[in-house]
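Everything on this sheet refers to the single structure shown next.
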Amino acid sequence: MPDVAIAVPNEAAADAGERIAAAGGNAIDAALAASLVTMVNEVGIVSLSSGAFITVQPPDGSAPQTVDGWIDMPGRSQQLGGGTWDVHTDYGGGVTVTIGPGSVGAHGSIAAFGEAHRRWGTIPWRELVAPALHVARAGFRLSAASRYYLEYVHDDIFGWDSVSRAAVHDAEGDITTGHIVMPDLSDSLEQIALHGPEAIYTGDLGRRLADAIVERGGIVGRDDLAAYEAVTRPSLITRVGEWTLGTNPPPSVGGVCVAAMLRLLDGRPHGDWTDEDVSHLIEVQRAVLGHRLAVFDTTDDLEADAAAFLAQIDTDHLAVLESGSTAHVSATDSDGGACSVTVSSGYSSGMVAAGTGIWLNNCLGEPELNAHGLHGLAPGTRLLSNMAPTVGHHTNGAALAIGSPGADRITTAIVQALAGFLGGELSLQMAVNHPRVHVHRAWTPREEIKRETDLTMYFGGVAATLREPGGHMIAAADPRRDGAVRLVQERTP
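Numbering (the working numbering), first residue to last: 85 to 577.
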């Protein structure tokens, strides 16, 4: 079996990845199993009703691939426009989101997991689901990231649905400190384990999910789930020195922003971050995030506009510079494989689908992901995404997996960690730990340059793993969240 390095959001997820790796699984197996656990115990961050992107560096050194399991616009057979209301929260610097049954989009994570497992996995599917099933049955306590988020939204978002309120609150109405056991969630996972990913789309579980949403005024019908398909695409490639990096291609916008920022940084920093480097970084963020707001968020052809923007960067850097809630798992193995998985349920609709134990996403209600409006896209259209799971392959044989949660801070967190490690003299963990800067609402009247003084989850939660040229494995988790790492080595008898 290969040695495997794993970096994940919490200890239970790390245990899951370790269990699968110890059973002979590779980086893809370990990452998928760990990510499934986060869908159980990262309440408010992610759930089985979610979208995901999975970027894989195959161990044979062939070109990286990205599996797109992001959220689809539903509404093939339902009347659009109802079942929602707006909530303002101070989370993330202040944001207004739309919640309720009508904010739920068609989930894609499990379909993407199934496709990645079919292509690159080695452990039987049921075994991958088993750790998540165990956590659901035994119960869990809220993670620090969940508790931090719920401090802002436990009443407004998680308090209107009776099942949701009972799960996250104690008898006094405060956020619970006890074990959470979601009714029916273990049964839902058992269906997914037994019948495969299709259970949550065309099986009894999928039908119950759709019916529960529609009955309460939502628009995700049985036909929307039955039509869902994960799509595998060549990753978007960018090069930094002797590293070839693969990240999330269009129709996601996150990978484009990561690639653009890395190219504009042009190898900075050359050692420790200097004041000049940070000033340049701010200009890079302003240029790329500003272009995203001005062009990418409303374009009808993101692939063409992204290619044109990257080509402009390659031609003339100066001309360009002058112009959700997520969970992330990274894993690499000693065979040279790498897997980067980012999963999101948005800010959550606040609703638990009756009889399933599954908190439903609100991805249609995230303004930054749906610039065309709540129900403004044609059914079957993928929403935008900030997510940018990234893998890398060095000419010396090293392999890297990296990514982050953090809504619009995803791209800036990944870029700063990558730049510090690839272009500087920082170790992987030092690069992850390093203070960050983020241009909030770039090129708008409310632009604010946020500089990190104390480590907080606002600035992301990078998880990164590395196979060094000689086969030594390294994992780095972000101290901004309850990150956990595992190094699983082959045991000789």
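C-beta atoms are modelled at their ideal positions from N, C-alpha and C, and glycine is treated no differently. Quantities reported herein were computed from a predicted structural model and do not represent experimental measurements.
Pairs of beta-carbons, one from the segment 426–437 and one from the segment 102–111, closer than 8 angstroms: are there three or more? no
Please give the ranges of any alpha helix (DSSP H) in the segment 349–390, keeping only runs that are unbroken, at least 4 residues long and fully inside the region. 359–375
So what does D156 bridge to, in DSSP terms? A190 and R466
Cβ atoms of G205 and L212: under 9 angstroms apart, would you say? yes
Report buried or exposed for E102, applying the criterion of at least 16 other Cβ atoms within 10 angstroms of its Cβ. buried
DSSP three-state assignment for S270, whether helix, strand or coil: helix
Sequence ranges, alpha helix (DSSP H) only - wholly within the segment 465–548, length at least 4: 494–506 and 512–517
Going by DSSP in three states, I207 sits in which element: helix, strand or coil? coil
Which same chain residues, not among the five before or five after S270, have their C-beta less than 8 angstroms away from its C-beta? L217, A220, R221 and G441
Cα-Cα separation between P185 and P158, rounded to whole angstroms: 12 angstroms
So, are the CB atoms of L373 and D492 less than 9 angstroms apart? yes
Can you confirm whether the segment 150–168 touches the segment 457–471 when touching is taken to mean that 3 or more C-beta pairs between the two stretches lie within less than 8 angstroms? yes
What span of residues does the beta strand (DSSP E) with V121 cover, start to end? Careful: V121 lies outside any beta strand (DSSP E), inside the alpha helix (DSSP H) at A111 to N125.
Check the C-beta distance from V188 over to N517 and give it rounded, since I have them as a contact under 8 angstroms. 37 angstroms between Cβ atoms; not a contact.
So what does DSSP say about G408, is it helix, strand or coil? Any reading at G408 must be qualified, since the residue scores a pLDDT of 45, below 50, and its modelled position is unreliable; no value is offered.
Please state whether DSSP places T576 in a helix, a strand or coil. In this prediction, T576 has a pLDDT of 40, which is less than 50 and means its spatial position is unreliable; nothing more can be read from the coordinates.
Any chance the segment 116–136 sits against the segment 225–243, with 3 or more Cβ pairs inside 8 angstroms? yes
Tell me whether Q149 is buried or exposed, calling it buried when 16 or more other Cβ atoms sit within 10 Å of its Cβ. buried
In terms of residues, what are the limits of the beta strand (DSSP E) holding I297? Per DSSP, I297 belongs to no beta strand (DSSP E); it is in the alpha helix (DSSP H), D288 to E299.
N-terminal and C-terminal residue of the alpha helix (DSSP H) that V140 is part of: Premise fails: V140 lies in the beta strand (DSSP E), G135 to Q141, not in any alpha helix (DSSP H).
Top-ranked residue by Cα proximity to W357, from T286, T122 and G504: G504
Suppose contacts are defined by Cβ-Cβ distances below 9 angstroms. Is G47 in contact with H172 by that definition? Because the chain here runs from 85 to 577, residue 47 falls outside it and cannot be looked at.
Where does P215 fall in DSSP's three states? helix
Can you list, in chain order, the residues of its chain whose CB lies under 7 angstroms from that of G338, leaving out five sequence neighbours each side? N332, S469, N470, M471, A472, I494 and T495
Residues that DSSP places opposite F224 in a beta bridge: I264
What is the DSSP secondary structure of A105, counted as helix, strand or coil? helix
Apart from the five residues just before and just after G476, which ones in its own chain have a Cβ nearer than 6 angstroms to its Cβ? W327, L329 and L484
Would Q500 be called buried (16 or more neighbouring beta carbons within 10 Å of its own) or exposed? buried
If I measure Cβ to Cβ from Y232 and keep anything under 8 angstroms in the same chain, skipping five residues before and after, which residues do I get? M541
Note the first and the last residue of the continuous beta strand (DSSP E) segment covering L329. W327 to T331
Got a sec, what are the start and stop residues for the beta strand (DSSP E) L461 sits in? Where L461 is concerned, there is no enclosing beta strand (DSSP E), given that its DSSP letter is neither H nor E.
C341 - partner residues in DSSP beta bridges: According to DSSP, C341 bridges with nothing at all.
Using 10 angstroms around the beta-carbon of W169, count the other beta-carbons present and answer buried if the total reaches 16, otherwise exposed. exposed
Confirm, please, whether the CB-CB distance from E235 to I264 is below 9 angstroms. no
Use the C-beta contact count for H354: other C-beta atoms within 10 angstroms, 16 or more gives buried, fewer gives exposed. exposed
Rounded to whole angstroms, how far is the Cβ of M557 from the Cβ of T416, which I believe are closer than 8 angstroms? 7 angstroms
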